[in-house]
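Novice:
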Amino acid sequence: MKVAVVGATGLVGSKMLQVLAERNFPVTELVPVASEKSVGKEVEFKGAKYKVVSMADGIAAKPAVAIFSAGGGTSLEWAPKFAEAGITVIDNSSAWRMDPTKKLVVPEVNAEVLTKEDKIIANPNCSTIQMVVALQPLHKKYKIKRVVVSTYQSVTGTGKKQLTSYSTNVKACRVKWLINTRLT
Ligand SMILES: NC(=O)c1ccc[n+]([C@@H]2O[C@H](COP(=O)([O-])OP(=O)(O)OC[C@H]3O[C@@H](n4cnc5c(N)ncnc54)[C@H](OP(=O)(O)O)[C@@H]3O)[C@@H](O)[C@H]2O)c1
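This note's numbering applies: residue 894 is where the sequence shown begins, and numbers increase by one.
Written out as structure tokens, the structure is:
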């Protein structure tokens, strides 16, 4: 299967590449896609190097599936263009989750709702995915009426840029603290 990973240079995209390799997903050809500034950079997949391409070239490559993790705005703009070209989009962003015309799928829970006509498939937020996998068998047996949830999201959920800025700030705080404790 020819697979495009859209957002391949990001935190989620690089994890996707790692998981596709670990699970031995039948990728016959990988198409890593990212923003214009990353075009030509290389990403590694199963020991081989692949050049990052633009969105337009990602469509032109005609993958069977494009797994999107490049932000909601990018998905809203580009997922329909991939879908129009006959490519099945699996979208990891929040762009289509609340759209009643798109199916919101967690494979372990409701994969059976999908048909070949579904060209943009949404998936929920990460904390929801793992929760519904655990809740589904309970719901089947006992019918859950209401769930009260509090989530504490990690800083990594904000992406590569914010993670770097967080690390820099933590380091700066440590240095300030060390200077202050030595001076006082
Ligand atoms: N469903 C879930 O479980 C889950 C969990 C976490 C995150 N997410 C979603 O995954 C997405 C990515 O998160 P992240 O943490 O990986 O962010 P990130 O580290 O900032 O990476 C963003 C990726 O998107 C690319 N990108 C940004 N703007 C683009 C554009 N206009 N055209 C093409 N590519 C573009 C970036 O390319 P450059 O490197 O070239 O900028 C990079 O590859 C977000 O939408 C986030 O909400 C979903």
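Just so it is clear, CB atoms sit at the ideal spot from N, CA and C, and this is done for glycine as well. All values reported here derive from a predicted model rather than from experimental measurement.
Are there 16 or more other CB atoms within 10 angstroms of the CB of Leu923, so buried, or fewer, so exposed?
Specialist: As a position in the sequence shown, residue 923 is number 30, starting the count at 1. It counts as buried.
Novice: Going by the beta-carbon positions, is the gap between Ser962 and Gly903 smaller than 9 Å?
Specialist: Taking the first residue of the sequence shown as position 1, residue 962 is located at position 69. Taking the first residue of the sequence shown as position 1, residue 903 is located at position 10. Yes. Within cutoff.
Novice: Measuring straight from C-alpha to C-alpha, what distance separates Glu935 and Tyr943?
Specialist: Residue numbering aside, residue 935 sits at position 42 when the sequence shown is read from its first letter. Residue numbering aside, residue 943 sits at position 50 when the sequence shown is read from its first letter. If you take the alpha carbons of Glu935 and Tyr943, they lie about 5 Å apart.
Novice: Assign Ile980 to buried or exposed, taking buried as 16 or more other Cβ atoms, counted over all protein chains shown, within 10 Å of its Cβ.
Specialist: Here residue 980 corresponds to residue number 87 of the sequence shown, with the count starting at 1. Counting Cβ neighbours within 10 Å, Ile980 comes out buried, since at least 16 surround it.
Novice: Could you tell me if the beta carbon of Leu910 falls within a distance shorter than 8 Å of some heavy atom in ligand 1?
Specialist: Looking up residue 910 in the sequence shown gives position 17. No, since every heavy atom of ligand 1 falls outside the 8 Å radius drawn around the Cβ of Leu910.
Novice: If Val1040 sits next to Leu1056, beta carbons under 8 Å apart, how far is it from one beta carbon to the other, in whole angstroms?
Specialist: Here residue 1040 refers to the residue found at position 147 of the sequence shown. Here residue 1056 refers to the residue found at position 163 of the sequence shown. In fact, because the Cβ distance is near 30 Å, the residues do not count as touching under 8 Å.
Novice: Mapping DSSP to helix, strand and coil, what is Leu1028?
Specialist: Position 135 of the sequence shown holds residue 1028. Here Leu1028 sits in helix by DSSP.
Novice: Can you give the Cα-Cα distance for Val896 and Leu997, rounded to whole angstroms?
Specialist: Counting from one through the sequence shown, the residue named residue 896 turns up at place 3. Counting from one through the sequence shown, the residue named residue 997 turns up at place 104. Rounded to the nearest angstrom, the two C-alpha atoms are 21 Å apart.
Novice: Take Ala914 and list the residues in its own chain whose beta-carbon comes closer than 7 Å to its own, dropping the five residues that flank it on each side.
Specialist: As a working note, residue 914 is residue 21 in the sequence shown. The answer, listed in chain order, is Phe938, Lys939.
Novice: With Leu1071 as the anchor, note down where its alpha helix (DSSP H) starts and where it stops.
Specialist: Within the sequence shown, residue 1071 is the residue found at index 178, counting from 1. 1053-1076 is the extent of the alpha helix (DSSP H) around Leu1071.
Novice: In terms of residue numbering, what span does the alpha helix (DSSP H) encompassing Trp952 cover?
Specialist: Numbered from its first residue, the sequence shown carries residue 952 at position 59. Going by the sequence as given, residue 952 is Ile instead of Trp. Its alpha helix (DSSP H) spans residues 948-953.
Novice: What do you reckon, are the CB atoms on Gly933 and Val945 nearer than 9 Å?
Specialist: Residue mapping note: residue 933 aligns to position 40 of the sequence shown, counting from 1. Residue mapping note: residue 945 aligns to position 52 of the sequence shown, counting from 1. Yes, they are a contact pair.
Novice: What residues are listed by DSSP as bridge partners for Val924?
Specialist: Reading the sequence shown from its first residue, position 31 is the one you call residue 924. Answer is Ala897.
Novice: Can you list, in chain order, the residues of its chain with a C-beta nearer than 6 Å to that of Ala927? Leave out the 5 residues immediately preceding and following it.
Specialist: What you label residue 927 is simply residue 34 of the sequence shown in a count that begins at 1. Ala901, Thr902, Val945.
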